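Asker: The following block contains the structure, expressed as structure tokens.
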Amino acid sequence: MRHGSTSFSHSGRGRIPIPGDGRMRAVRRETTMISPDLLEILRCPHCVREKEGMLKLVKDSWLVCQEPDCGRKYPIRDDIPIMLIEEGDKWVGVAERDLPIPPPGD
Ligand SMILES: [Zn+2]
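Quick note on numbering that gives the first Met the number 0: the sequence shown kicks off at 0 and runs consecutively.
As structure tokens, then:
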């Protein structure tokens with residue numbers, strides 16, 4: 000009996016770590032929207048330590064944390080998501096439909 004004739008690779012797709020300081024820089028600016036691939040790896044920096052911290056793209060300008068007890072919203076400025084907890088904190092009390100488009104600058 001031989002083994003190894005059928006080998007399934009289950010190494011699969013690992014999670015791509017996000018740089019810890021939260022501020023991501025787009026290297027190129029060929030697209031004007033956050034790609035699904037990028038959205039998939041972005042997480043709420045507050046929630047990701049303990050939970051999934053999945054984000055939802057709102058109006059192509061905001062990333063809204065999907066954790067029910069979070070509510071942080073992260074602005075996307077010049078196609079760069081500002082993934083800072085202190086930034087998300089500012090918008091906890093603002094409803095999705097009331098978010099300014101485009102997000103205000105500093
Ligand atoms: Zn969160």
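Note that beta-carbon positions come from the ideal geometry of N, C-alpha and C, so glycine has one too.
Quantities reported herein were computed from a predicted structural model and do not represent experimental measurements.
Helix, strand or coil: which one does DSSP assign to Arg28?
Answerer: The residue labelled residue 28 in the question sits at position 29 within the sequence shown. With a pLDDT of 45 at Arg28, under the threshold of 50, the modelled position of this residue cannot be trusted; read the value that follows with caution. Residue state, collapsed to three classes: coil.
Asker: Taking only three categories from DSSP, how would you classify Pro80?
Answerer: Working through the sequence shown from its first residue, we reach residue 80 at position 81. Three-state DSSP puts Pro80 in a strand.
Asker: According to DSSP, is Ile75 helix, strand or coil?
Answerer: Within the sequence shown, numbered from 1, the residue matching residue 75 stands at position 76. Looking at Ile75 - three-state DSSP - the assignment turns out to be strand.
Asker: Skipping 5 residues on each side, what residues in its chain have a beta carbon closer than 7 Å to that of Pro101?
Answerer: The count along the sequence shown starts at 1 and reaches residue 101 at position 102. Ser60, listed in sequence order.
Asker: Measure the alpha-carbon distance for Leu56 versus Ile40 and round it to whole angstroms.
Answerer: Taking the sequence shown and counting its residues from 1, the one referred to as residue 56 is at position 57. Taking the sequence shown and counting its residues from 1, the one referred to as residue 40 is at position 41. Distance between the alpha carbons of Leu56 and Ile40 is about 13 Å.
Asker: Looking at Glu51 and ligand 1, is the gap between the Cβ and the nearest heavy atom below 7 Å?
Answerer: Along the sequence shown, read from residue 1 onward, the residue named residue 51 stands at position 52. No.
Asker: Can you determine whether any heavy atom of ligand 1 sits closer than 7 Å to the C-beta of Glu66, and answer yes or no?
Answerer: By 1-based counting over the sequence shown, the position of residue 66 is 67. Yes, ligand 1 has a heavy atom inside 7 Å of this Cβ.
Asker: Please confirm whether Cys43 and Arg76 have their CB atoms less than 8 Å apart.
Answerer: As a working mapping, residue 43 is identified with position 44 in the sequence shown. As a working mapping, residue 76 is identified with position 77 in the sequence shown. Not a contact, by the Cβ cut-off of 8 Å.
Asker: Helix or strand or just coil, what does DSSP make of Leu37?
Answerer: Working through the sequence shown from its first residue, we reach residue 37 at position 38. Leu37: helix per DSSP, three-state reduction.
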